[in-house]
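Engineer:
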Amino acid sequence: MKSYRMASWWLRPWHLPFNKKVRDDFRRRASDFAQAGADSAIIFGAHFRWDFEHEMDQIHELIAFAAEELAQYKIVLFDHHSTVLTCSCRREISSDRSANFSNHRQVLLSRPAGSRTTDFHDDWKMLNIDDGKPVFLPQYSAEEFCFSNPDFVAAYLNYVRRLLRETGIGGLMSDDAFYYSHRACGCPYCRELFCQELGMSFPASDDLSFWGNYENPKYRRYLDLRRHTVTKFTAKVKSVLPTDFPLMNCCAYCMLPYSSGRGLNYRNFIAGGSNLIMQEMSGNTPDATTGELLSFGYPQQLYHLALSREHRLPCIGLGYGYSSSNAEIIWAFNKFLGSGTWYSSLVQRLGLSDRDLIRIPDDPCQLGHCFQAEKQFPEWFVSESASECAVFYSNATMEQYGDSVTDYADDFCFVIKRCTELGYSPDVLTSIPDPEQSRYKILIVPSAVALSDYELESLERWHCRKPLLLLGPCGFLDETGEPRQTTFAQRHGWQAAFPPLNRTGHPLISPIIIQKLTPAESEAPRVLKEFHLLWLTARVSSEFPNAAQEFIEQFIVPIRADGWLFRKYIDAQGRWLIHGIASQFQVELDRELEKLRDRHTPMFKHLKIIRELHPMAAIPDLRQFTPEAILTPLEKVQVHASCDSIKDCAYFILRLAATSHINTH
Ligand SMILES: [Zn+2]
Numbered sequence: 001m002k003s004y005r006m007a008s009w010w011l012r013p014w015h016l017p018f019n020k021k022v023r024d025d026f027r028r029r030a031s032d033f034a035q036a037g038a039d040s041a042i043i044f045g046a047h048f049r050w051d052f053e054h055e056m057d058q059i060h061e062l063i064a065f066a067a068e069e070l071a072q073y074k075i076v077l078f079d080h081h082s083t084v085l086t087c088s089c090r091r092e093i094s095s096d097r098s099a100n101f102s103n104h105r106q107v108l109l110s111r112p113a114g115s116r117t118t119d120f121h122d123d124w125k126m127l128n129i130d131d132g133k134p135v136f137l138p139q140y141s142a143e144e145f146c147f148s149n150p151d152f153v154a155a156y157l158n159y160v161r162r163l164l165r166e167t168g169i170g171g172l173m174s175d176d177a178f179y180y181s182h183r184a185c186g187c188p189y190c191r192e193l194f195c196q197e198l199g200m201s202f203p204a205s206d207d208l209s210f211w212g213n214y215e216n217p218k219y220r221r222y223l224d225l226r227r228h229t230v231t232k233f234t235a236k237v238k239s240v241l242p243t244d245f246p247l248m249n250c251c252a253y254c255m256l257p258y259s260s261g262r263g264l265n266y267r268n269f270i271a272g273g274s275n276l277i278m279q280e281m282s283g284n285t286p287d288a289t290t291g292e293l294l295s296f297g298y299p300q301q302l303y304h305l306a307l308s309r310e311h312r313l314p315c316i317g318l319g320y321g322y323s324s325s326n327a328e329i330i331w332a333f334n335k336f337l338g339s340g341t342w343y344s345s346l347v348q349r350l351g352l353s354d355r356d357l358i359r360i361p362d363d364p365c366q367l368g369h370c371f372q373a374e375k376q377f378p379e380w381f382v383s384e385s386a387s388e389c390a391v392f393y394s395n396a397t398m399e400q401y402g403d404s405v406t407d408y409a410d411d412f413c414f415v416i417k418r419c420t421e422l423g424y425s426p427d428v429l430t431s432i433p434d435p436e437q438s439r440y441k442i443l444i445v446p447s448a449v450a451l452s453d454y455e456l457e458s459l460e461r462w463h464c465r466k467p468l469l470l471l472g473p474c475g476f477l478d479e480t481g482e483p484r485q486t487t488f489a490q491r492h493g494w495q496a497a498f499p500p501l502n503r504t505g506h507p508l509i510s511p512i513i514i515q516k517l518t519p520a521e522s523e524a525p526r527v528l529k530e531f532h533l534l535w536l537t538a539r540v541s542s543e544f545p546n547a548a549q550e551f552i553e554q555f556i557v558p559i560r561a562d563g564w565l566f567r568k569y570i571d572a573q574g575r576w577l578i579h580g581i582a583s584q585f586q587v588e589l590d591r592e593l594e595k596l597r598d599r600h601t602p603m604f605k606h607l608k609i610i611r612e613l614h615p616m617a618a619i620p621d622l623r624q625f626t627p628e629a630i631l632t633p634l635e636k637v638q639v640h641a642s643c644d645s646i647k648d649c650a651y652f653i654l655r656l657a658a659t660s661h662i663n664t665h
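By this note's numbering, the letter at position 327 of the sequence shown is numbered 327, and the numbering carries on one by one without gaps.
1) Quick check on DSSP: helix, strand or coil for M616?
2) According to the neighbour-count rule (16 or more other Cβ atoms, all chains shown, within 10 Å of its Cβ), is V445 buried or exposed?
3) In the DSSP output, what is F392 paired with across the bridge?
4) Pick helix, strand or coil for A561, following the three-state DSSP scheme.
5) Here's a check: name, in chain order, each residue in its chain whose Cβ is nearer than 6 Å to the Cβ of K2, leaving out the five neighbours to either side.
6) Please state whether the Cβ-Cβ distance between D598 and G283 is less than 8 Å.
7) To the nearest angstrom, how far is the alpha carbon of L654 from that of Y266?
8) Would you say T234 and A177 are within 8 Å of each other, going by their C-beta atoms?
9) Under a Cβ-count criterion, where at least 16 other Cβ atoms within 10 Å of its own Cβ denotes burial, should M200 be classed as buried or exposed?
10) Between the alpha carbons of P217 and W211, how many angstroms are there, rounded?
11) State the DSSP-derived secondary structure class of L70, mapped to helix, strand or coil.
12) Exposed or buried, what is H606 when buried is set at 16 or more other beta-carbons lying within 10 Å of its beta-carbon?
13) Around the Cβ of S174, are there at least 16 other Cβ atoms within 10 angstroms (buried) or fewer (exposed)?
14) Return yes when the Cβ of F604 is within less than 8 Å of the Cβ of L631, no when it is not.
15) Given a cut-off of 8 Å, decide if D453 and R539 are closer than it, judged by their beta-carbon atoms.
16) Can you say whether E588 is buried or exposed, counting buried as having 16 or more other CB atoms within 10 angstroms of its CB?
17) Which of the three DSSP states, helix, strand or coil, is assigned to F652?
18) Beta strand (DSSP E) containing E588: first to last residue?
19) Please state the DSSP three-state secondary structure of E215.
20) Pick from T537, L459, E388, Q348: whose alpha carbon is nearest that of I609?
21) If you count every other CB in all the chains shown that lies within 10 Å of the CB of R439, and 16 or more means buried, which is it?
22) Any idea if A332 is buried or exposed, counting beta-carbon neighbours within 10 angstroms, 16 or more meaning buried?
23) When we look at the beta-carbon of Y187 and count the other beta-carbons within 10 Å, is it buried (16 or more) or exposed?
24) Which residues in the same chain have their Cβ closer than 6 Å to the Cβ of G580, if we skip the five residues on either side of it in sequence?
25) Given a cut-off of 8 Å on the beta-carbon distance, is the pair C190 and C250 in contact?
26) Between which residues of its own chain and L307 is the CB-CB distance below 8 Å, once the five residues before and five after are set aside?
27) Can we say the region 369-383 touches the region 413-426, given the rule of at least three CB pairs closer than 8 Å?
28) Taking all protein chains shown into account, decide if N395 is buried (16 or more other Cβ within 10 angstroms of its Cβ) or exposed.
29) Does the beta-carbon of S148, which I'm using as the reference point, lie nearer than 7 Å to any heavy atom of ligand 1?
30) Taking DSSP's pairing of strands, which residues face A41 in a bridge?
31) Select from A409, R461, F414 the residue whose C-alpha is nearest the C-alpha of I432.
32) Drop a sphere of 10 angstroms on the beta-carbon of R465, count the other beta-carbons inside from all chains shown, and report buried for 16 or more, exposed for fewer.
33) With a threshold of 7 Å, establish whether the CB of Y189 neighbours any heavy atom of ligand 3.
34) Quick check on DSSP: helix, strand or coil for H15?
35) Starting from Q196 and walking both ways along the alpha helix (DSSP H), at which residues does that stretch end?
36) Please report how far the alpha carbon of K125 lies from the alpha carbon of L85, in whole angstroms.
Structure (structure tokens):
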């Protein structure tokens, strides 16, 4: 599978008008991309593309010139823009400073002022279900066009055709096309679709027997319809692209409690023909305050890698930084995960003046030599996961009740994080494999309340041959969210019950219920055992039970060292590669630039200018692995024949001879 080495190609306010000086800058920049070893670049800027309707010729001229310059070095240029978002001019003059600062049109590339009216394509906009006004998205000070609106869809497809014709791009990231708001959409097209598909009239906005009521099967079908609409729109975009043209979509933070019902899950994009999986690491990587490498997004990263393996589609991890030291760690973390890299700065969101922000090197110049190391030693990076521990992601559970509360995603994420820290190097699976064919030695299933008949049968097949660990409630509902006739517990003659969900409606205005409902814990937690099967019925979302740990470690040997994370791969010659990366860093900020930032910008707290990163823990004793060779790709790339020559480093790869794998049971 292709593994991208990508960095952002920023469009800055001073790139218009496009004169000789800018052309020279672009030529120099293309050569910087080549020197860094990048194989791809991606546009960042003019993000709310519809807002540049009157300057599109100029924007396309910039993109076309960049594509042509990069092509000389065989580097492909992707475009990246928001498909559906537009600035809300209604709120343009706002007393809320943060709203103005998060205005993408202004922060990413300014357009000439004064040529816009407040009702810019109002007929395309998503409307609030309750008051019929255009939906307002405070996080971007934006409004959203509706992808059920045939006029908007036709206009967007025409835009994509024109973009391809005029710019010579080799890939597209069509961003943001999902429902940003639970209050959307009440436009005439969405109302009509609703009535057609659900066979009922559109409920009043205060009818809580419908809105937010998971106990109402029609409401659950309504959420399915939203997901399906996202897929249908993706398929339309795909239909105007050449065959195999790379299409990437929104980052999809699908583990957030409200994402599923908004259609934000990468599986919806893949179902529509998306063929490149994107995973964003928002904020700083590692965290600027704690120095921790694993963020709340980590379980989702493993989920995206599961989609990547299962659909045989490349995955690309976007991380943000402002220095070589940070760029190298972001690249190393992506290699550790088994993902391609998209490295980007995000200078326009720092609240620095134009004069100050040019002190931060351009993105390709921050890359150091990490992309070159990957080019120079490809055999160390072309590999397949050799993990022995699998954690099942239950999509039915996520969709049928994991959405409006934090229950399922919480449990799933906690189990993933703990299994990683305990050294099990888990992979996520979205389907239950055939135990005979699978390399996994154990399957862990956290809080999979809703399972299809096929999934239940697959679980039974699995545990007849291989160990199965169930944590929390399991298999009480079917994949549509209806109670099962025969539950998993009953099949085994157990009395484990599932109390009523009590998920009655919630008002549209506050869609996110953060309150945790704990269905399995209202009865006494129990431990149920059979050969190869352990079921701890209590939910696991804050403490990993000792019994679970003991059960897992009967079947796999963890790789643990304080302050380090490990993942195992197998290379083309059947040799194991063990990637080790520091789990925590000492973070040094660029104090001088930090002082110059406007403290009132919304990202001031969330995004810091990291200058240097140093691993907290010393390198572990590697002799126990008896590697035949070790690669240290950061700072000075080097292959070592013995562990003794390895000094301080934040990332290493051990290669084990094909016959000397770590002894497992
Ligand atoms: Zn609509």
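In this text, a Cβ means the ideal position worked out from N, Cα and C, and glycines have one as well.
Structural biologist: Once the coordinates are examined:
1) The count along the sequence shown starts at 1 and reaches residue 616 at position 616. M616 falls in the coil class under three-state DSSP.
2) The residue labelled residue 445 in the question sits at position 445 within the sequence shown. Its Cβ being crowded by 16 or more others within 10 Å, V445 is buried.
3) Position 392 of the sequence shown, counting from 1, holds the residue named residue 392. According to DSSP, which records beta bridges pairwise, F392 is partnered with L429.
4) One-based indexing of the sequence shown puts residue 561 at position 561. A561: coil per DSSP, three-state reduction.
5) Within the sequence shown, numbered from 1, the residue matching residue 2 stands at position 2. So the qualifying residues of the chain are P314.
6) Residue numbering aside, residue 598 sits at position 598 when the sequence shown is read from its first letter. Residue numbering aside, residue 283 sits at position 283 when the sequence shown is read from its first letter. In this structure, G283 does not lie closer than 8 Å to D598 by Cβ.
7) Translated into positions along the sequence shown, residue 654 becomes position 654. Translated into positions along the sequence shown, residue 266 becomes position 266. In this structure, the alpha-carbon of L654 lies about 32 Å from that of Y266.
8) Translated into positions along the sequence shown, residue 234 becomes position 234. Translated into positions along the sequence shown, residue 177 becomes position 177. A177 sits close to T234, with the two beta carbons spaced by under 8 Å.
9) Mapped onto the sequence shown, residue 200 falls at position 200. Answer is exposed; the Cβ neighbour count stays below 16.
10) Residue 217 sits at position 217 when you count from the first residue of the sequence shown. Residue 211 sits at position 211 when you count from the first residue of the sequence shown. One alpha carbon belongs to P217, the other to W211, and they sit about 11 Å apart.
11) The residue labelled residue 70 in the question sits at position 70 within the sequence shown. Looking at L70 - three-state DSSP - the assignment turns out to be helix.
12) Indexing the sequence shown from 1 puts residue 606 at position 606. It is exposed - the Cβ of H606 has fewer than 16 other Cβ atoms within 10 Å.
13) Reading the sequence shown from its first residue, position 174 is the one you call residue 174. With a threshold of 16 other beta carbon atoms within 10 Å, S174 meets it and is buried.
14) Position 631 of the sequence shown, counting from 1, holds the residue named residue 631. Position 604 of the sequence shown, counting from 1, holds the residue named residue 604. Judged by beta-carbon spacing, F604 lies beyond the 8 Å limit of L631, meaning their Cβ atoms are not closer than that value.
15) As a working mapping, residue 539 is identified with position 539 in the sequence shown. As a working mapping, residue 453 is identified with position 453 in the sequence shown. Pairing R539 with D453 gives a Cβ-Cβ distance that is not under 8 Å.
16) On the sequence shown, residue 588 is found 588 positions in, with the first residue counted as 1. Result: exposed.
17) Taking the sequence shown and counting its residues from 1, one reaches residue 652 at position 652. Collapsing the DSSP output to three states places F652 in a strand.
18) Indexing the sequence shown from 1 puts residue 588 at position 588. Taken as a continuous stretch (DSSP letters only), the beta strand (DSSP E) holding E588 covers 585-589.
19) By one-based count along the sequence shown, residue 215 stands at place 215. Here E215 sits in coil by DSSP.
20) Locating residue 609 in the sequence shown gives position 609, counting from the first residue. For I609, the nearest C-alpha among the options comes from Q348.
21) Looking up residue 439 in the sequence shown gives position 439. Here R439 is exposed, its C-beta having fewer than 16 other C-beta atoms within 10 Å.
22) By one-based count along the sequence shown, residue 332 stands at place 332. A332 comes out buried.
23) Your numbering for residue 187 matches position 187 in the sequence shown. According to the sequence provided, residue 187 is Cys. The question's Tyr does not apply to it. Buried is the call here.
24) Translated into positions along the sequence shown, residue 580 becomes position 580. Taken in chain order, the residues that qualify are W564, F566, F652.
25) As a first step, residue 190 is located in the sequence shown; it is residue number 190 there, counting from the start. As a first step, residue 250 is located in the sequence shown; it is residue number 250 there, counting from the start. Cβ distance not < 8 Å, so C190 and C250 don't count as in contact.
26) For the purposes of this step, residue 307 is taken as residue 307 along the sequence shown, with counting starting at 1. The residues are Y266, R267, I270, I277, L313, C315, T430.
27) Short answer: they don't touch.
28) Along the sequence shown, read from residue 1 onward, the residue named residue 395 stands at position 395. Residue burial is scored here from C-beta neighbours: N395 has at least 16 other C-beta atoms within 10 angstroms and is therefore classed as buried.
29) Working through the sequence shown from its first residue, we reach residue 148 at position 148. Correct: S148 has its Cβ closer than 7 Å to ligand 1.
30) One-based indexing of the sequence shown puts residue 41 at position 41. Beta-bridge pairing links A41 to A7, L77.
31) Counting from 1 along the sequence shown, the entry for residue 432 is found at position 432. Of the listed residues, the one whose Cα sits closest to I432 is R461.
32) On the sequence shown, position 465 is the one that residue 465 refers to. With fewer than 16 Cβ atoms within 10 Å of its Cβ, R465 is classed as exposed.
33) The model on display carries ligand 1 but not ligand 3.
34) As a first step, residue 15 must be located in the sequence shown, where it is residue number 15. Residue state, collapsed to three classes: helix.
35) Here residue 196 is taken as the residue at index 196 of the sequence shown, counted from 1. Bounds of the alpha helix (DSSP H) holding Q196 are 188-198.
36) Here residue 125 corresponds to residue number 125 of the sequence shown, with the count starting at 1. Here residue 85 corresponds to residue number 85 of the sequence shown, with the count starting at 1. Looking at the two C-alpha atoms, the distance is approximately 9 Å.
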